[in-house]
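Here the structure is laid out as structure tokens; the discussion comes afterwards.
Structure follows, in structure tokens:
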């Protein structure tokens with residue numbers, strides 16, 4: 115892990131002047147929704163209160179989330195990190211309304227999603243949330259362009275031509291719009307997935323290990339795009355990752371272990387993330 | 092969503108192709124049946140309107156007892172003809188008679204087109220009225236002249252001027268062919284052979300001297316037809332009426348349509364069985380496709396597809412597949428119509444051919460039927476698709492909701508409901524309930540099947556492991572990986588084999604009953620009967636009984652009448668029934684009636700004997716008086732003189748010959764039972780006497796039994812041939828499922844090959860999976876079908892099926908055939924699996 119971390123090329127950090135300008139102080143404070151750290155907006159893009167999730171029953175029951183209270187601020191890029199089994203994916207699934215918590219509430223843009231039925235959740239996902247996953251992001255039978263506009267097609271809406279062109283320009287796949295996913299590289303596919311997540315101008319994008327299947331060069335393209343969307347489009351992004359190289363692109367890193375939030379880091383650097391992870395491991 | 096669906100179909104062309112075949116075959120059968128039906132209808136309609144071109148009115152006896160077989164009309168007096176001719180506005184009038192006349196070929200064989208009528212008619216000399224066109228030669232003028240239909244002349248090489256022997260109700264006679272006739276463009280009338288005589292000759296040979304069956308009338312060109320019709324009607328006595336040409340054409344067409352609709356209904360039942368089996372294949376394919384697309388569907392759910400959208404997308408896919416398959420099936424239906432006709436001809440049912448007619452109804456029914464079955468079968472997989480958790484797209488796990496328990500309870504419930512419906516249908520003899528019951532049982536058992544498949548596969552599996560080693564073991568494990576899928580695939584075969592087995596039980600019971608009926612009812616050692624058919628239906632010359640009874644060595648003779656059409660009808664209370672008769676003189680020597688109540692002596696006093704099943708169902712006992720009606724003699728009351736044990740040979744209603752001859756118009760004997768002194772020479776002597784009657788043969792009791800069984804076997808053969816399609820569709824289902832499984836397990840097969848599995852072992856693995864599937868389906872099907880067959884046979888007791896027989900050798904044969912066909916179905920998937928490139932397979936996700 116450390117070895118991998120050290121290989122981060124300097125160039126990548128150069129791509130993020132805003133990040134460099136920020137203070138690198140480690141902030142070990144817990145985040146609470148009542149006191150948002152970022153003052154751009156009073157309502158967080160998403161937040162959870164006392165989120166509890168147990169898998170299985172009886173002897174085999176596993177506490178995936180133990181009373182997690184957390185907020186993801188608007189127009190910020192938040193990374194969620196933690197070792198395997200720390201509950202980071204469960205947290206994301208519950209907060210995105212893909213999985214229902216055992217107890218507790220989660221909110222997207224102030225809406226309590228724990229009370230929504232499947233139709234309402236589907237609409238919420240379609241209109242207000244974007245998703246990027248580790249793999250299998252695209253429908254294999256559709257072309258790149260069709261995949262990009264899929265959420266709009268499902269909602270029966272027309273794509274905004276300028277917005278579409280802008281996103282296509284940003285991800286640089288203009289030449290391959292008519293191609294099928296199988297004819298595209300992993301990086302290209304993932305960038306289309308990122309652009310698709312933004313096509314609806316969602317309140318929030320959830321990215322689950324978006325670079326998990328990519329090499330470091332192609333990872334850069336994907337992460338830069340996400341960073342750009344926060345910087346220039348004021349997009350709110352939550353990214354689950356176990357890779358410190360990805361985490362440094364975020365404005366803030368939240369650390370999870372054994373279903374608990376165990377730390378938070380504003381304006382992470384490679385060193386500070388590594389330091390924090392080392393602390394968690396010990 | 093439309094785009095995703097269409098692209099999905101295009102991407103899964105190969106996967107859907109085999110499923111499409113299942114639907115195409117079913118729809119082909121349906122549309123083929125309709126096309127055949129409509130083609131025959133239009134052919135007959137055009138024949139009739141051609142045949143009946145010449146006249147305006149038909150004067151005939153009033154229909155006595157109407158029935159699906161056509162009305163029986165009594166002859167009218169000849170003396171009406173001059174009176175009608177005198178009616179103002181009548182230009183021509185001519186009487187005609189009809190009766191039995193059968194040609195004998197040059198080789199001495201009685202000519203009959205597989206049971207179609209052999210008709211003799213009188214021909215009017217007036218060519219304006221005659222419905223026959225003499226295409227060659229001239230009309231019959233003397234009592235030695237005959238004209239022959241063109242089809243018979245062509246087939247049996249008869250020419251104008253040649254002699255031909257004709258079998259008649261009386262002794263056979265030889266005539267000279269003076270002409271060849273046609274019916275418009277047709278060479279014969281729906282397979283019937285036709286002999287045309289001049290009117291006095293026809294009257295004398297049909298025993299209708301001084302009588303006509305019909306009088307045909309042509310109105311003067313300037314006459315008001317309605318007025319002419321009323322004027323004719325005014326002079327007609329009671330019991331005679333007049334009909335317009337159009338009415339006659341419609342009547343004849345209706346009779347044909349009723350016959351056709353019976354055919355069509357039977358064929359449609361088999362077509363529906365095929366579609367039903369196809370539905371299982373569709374259900375299975377869509378289930379597999381849904382499970383293979385699970386991540387894609389989850390992805391769609393995540394990016395905002397609602398459950399409704401996912402549901403409709405699967406159904407839309409089914410609808411599109413159904414539409415295209417139905418269209419293909421419709422096209423193939425034309426070929427199928429020809430195929431069915433050829434098949435029926437092979438089994439001795441010949442039909443006239445015409446230009447295929449594709450009616451709008453055929454198109455609508457085929458498309459709605461094909462699409463409907465596909466969409467309905469896809470509902471379960473579509474519903475399952477909506478239950479896919481979106482988390483799966485993110486690598487999450489589906490929290491498995493085990494509905495296994497519920498399925499089991501529902502399966503048991505549906506099966507029981509089906510049995511109840513079947514029972515009800517059999518008791519009330521309502522075919523609809525029987526059908527619904529059988530379908531429910533099939534669906535219920537299919538729902539129970541996943542629970543049964545594991546223990547079953549374990550038994551077969553342990554055998555496969557012992558004989559085939561690791562490949563057999565893997566095949567077994569694969570078949571158990573998804574019990575529901577295994578059960579669905581096997582269920583299609585289950586339905587096919589259940590129907591086959593039910594038919595086998597019914598057939599064996601009929602055969603058993605036929606044998607025991609003969610043994611129980613007949614003490615005669617020789618039986619004279621018509622060659623062309625079983626005992627009833629076609630009669631023969633009444634000269635025969637006289638001829639054979641005088642042969643030395645014949646101890647006693649009994650003549651049987653009954654079942655011959657057109658000679659009369661018998662209504663018992665409110666329904667038309669078949670009446671049989673025996674002579675009372677030598678009854679004891681030739682026929683045994685197992686009398687339950689009353690006495691057989693009552694026959695001689697004109698009483699009616701009924702079978703015990705009739706007495707039970709109608710709550711009748713000896714001495715009761717029942718209202719009856721005869722076509723010839725009208726209403727009457729009959730006393731029940733005796734009740735006998737049911738016997739299919741005798742039927743349910745029995746009277747004496749003298750009574751029968753009095754109430755039927757010139758009936759023909761259908762069998763002569765002979766008790767001899769046992770000397771083999773007697774049979775030879777009888778055969779010698781029968782030489783002039785090639786339509787009749789003499790058989791020992793054993794020979795007679797055998798020919799009866801041959802009839803049943805022929806029918807069974809036809810039914811099996813029609814069911815073969817359902818079994819074929821089930822096998823396509825197995826092949827389809829295996830292909831999809833191989834596709835799904837590409838990576839795994841690559842792995843197995845990489846660690847040293849031989850190609851041969853891969854093939855063995857797939858084949859053993861198929862053997863488990865087909866054996867499973869076959870065994871359940873045979874068990875279910877045997878049960879249904881026994882229930883059917885039991886319910887037909889009143890119709891004379893007294894012995895219920897389960898043909899175990901046939902069942903074993905079905906099982907063996909199923910397994911062999913299962914191996915055939917596996918051959919392509921197995922080859923495909925064995926051919927997989929190891930490296931590419933491992934790389935596959």
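Chains as they are written, first to last, in the numbering used here: chain P, 115 to 396; chain U, 92 to 936.
All residues carry an ideal CB built from backbone N, CA and C; glycine is no exception.
Inter-residue Cα distance where the pair is residue i and residue j
{"i": "residue 337/P", "j": "residue 279/P", "result": "20 Å"}
{"i": "residue 947/U", "j": "residue 571/U", "result": "Any question about residue 947/U goes unanswered here, given that chain U covers just 92 to 936."}
{"i": "residue 929/U", "j": "residue 843/U", "result": "9 Å"}
{"i": "residue 320/U", "j": "residue 288/U", "result": "28 Å"}
{"i": "residue 560/U", "j": "residue 829/U", "result": "20 Å"}
{"i": "residue 292/U", "j": "residue 236/U", "result": "9 Å"}
{"i": "residue 130/P", "j": "residue 367/P", "result": "Its pLDDT being 36, under 50, residue 130/P is placed unreliably by the model, and the measurement read from it follows with that caveat. Going from the Cα of residue 130/P to the Cα of residue 367/P covers about 16 Å."}
{"i": "residue 392/U", "j": "residue 481/U", "result": "6 Å"}
{"i": "residue 345/P", "j": "residue 234/P", "result": "30 Å"}
{"i": "residue 802/U", "j": "residue 138/U", "result": "31 Å"}
{"i": "residue 784/U", "j": "residue 773/U", "result": "17 Å"}
{"i": "residue 324/P", "j": "residue 352/P", "result": "11 Å"}
{"i": "residue 477/U", "j": "residue 399/U", "result": "8 Å"}
{"i": "residue 746/U", "j": "residue 332/U", "result": "31 Å"}
{"i": "residue 733/U", "j": "residue 587/U", "result": "44 Å"}
{"i": "residue 262/P", "j": "residue 105/U", "result": "27 Å"}
{"i": "residue 290/U", "j": "residue 183/U", "result": "16 Å"}
{"i": "residue 832/U", "j": "residue 380/U", "result": "10 Å"}
{"i": "residue 377/P", "j": "residue 472/U", "result": "45 Å"}
Segment limits, alpha helix (DSSP H) that includes residue i
{"i": "residue 206/P", "result": "202-209"}
{"i": "residue 93/U", "result": "93-102"}
{"i": "residue 177/P", "result": "That residue, residue 177/P, is in no alpha helix (DSSP H); its beta strand (DSSP E) goes 176-186."}
{"i": "residue 920/U", "result": "899-926"}
{"i": "residue 339/P", "result": "330-347"}
{"i": "residue 776/U", "result": "771-780"}
Residue(s) in a DSSP beta bridge with residue i
{"i": "residue 653/U", "result": "671/U"}
{"i": "residue 666/U", "result": "663/U"}
{"i": "residue 729/U", "result": "717/U"}
{"i": "residue 702/U", "result": "735/U"}
{"i": "residue 217/P", "result": "166/P"}
{"i": "residue 266/U", "result": "255/U"}
{"i": "residue 168/U", "result": "302/U"}
Terminal residues of the beta strand (DSSP E) in which residue i lies
{"i": "residue 790/U", "result": "787-791"}
{"i": "residue 845/U", "result": "Taken as a continuous stretch (DSSP letters only), residue 845/U belongs to no beta strand (DSSP E), being part of the alpha helix (DSSP H) at 837-845."}
{"i": "residue 366/P", "result": "366-371"}
{"i": "residue 937/U", "result": "Past the boundaries of the shown model lies residue 937/U; chain U is included only from 92 to 936, so the question cannot be answered."}
{"i": "residue 192/U", "result": "189-195"}
{"i": "residue 766/U", "result": "760-767"}
{"i": "residue 617/U", "result": "617-621"}
{"i": "residue 374/P", "result": "374-380"}
Under 7 Å between C-beta atoms of residue i and residue j
{"i": "residue 463/U", "j": "residue 859/U", "result": "no"}
{"i": "residue 615/U", "j": "residue 764/U", "result": "yes"}
{"i": "residue 176/P", "j": "residue 165/P", "result": "no"}
Min CB distance residue i to chain C below 7 Å
{"i": "residue 98/U", "result": "Judged by its chain identifiers, the structure shown contains no chain C, and its protein chains are P and U."}
Distance cut-off 6 Å: residue i Cβ against heavy atoms of the ligand GDP
{"i": "residue 361/P", "result": "As for the ligand GDP, it is missing from this structure, which has no ligand bound."}
Exercise. Closer than 9 Å, Cβ to any Cβ of chain U: which residues of the stretch 296-317 of chain P, in chain order?
Worked result: Of all residues in the stretch 296-317 of chain P, 310, 311 and 314 have a Cβ within less than 9 Å of some Cβ in chain U.
Problem set entry | Near-chain P residues of the stretch 104-126 of chain U - C-beta to any C-beta below 7 Å | none
For this session: Scan the stretch 161-191 of chain P for residues whose Cβ lies nearer than 7 Å to a Cβ of chain U and list them as they occur along the chain.
Result: For the stretch 161-191 of chain P, there are no residues whose beta carbon sits under 7 Å from a beta carbon of chain U.
Exercise. The stretch 359-393 of chain U: which residues have C-beta closer than 8 Å to a C-beta of chain P, in chain order?
Worked result: 386, 387, 390, 391, 392 and 393
Problem set entry | Cβ-based contacts, 7 Å cut-off: residues of the stretch 393-419 of chain U near chain P | 393, 394, 395, 396, 397, 398 and 400
Problem set entry | Residues of the stretch 254-286 of chain P with Cβ closer than 8 Å to any Cβ of chain U, in chain order | Flagged, chain order: 254, 255, 256, 260, 264, 265, 267, 268 and 269.
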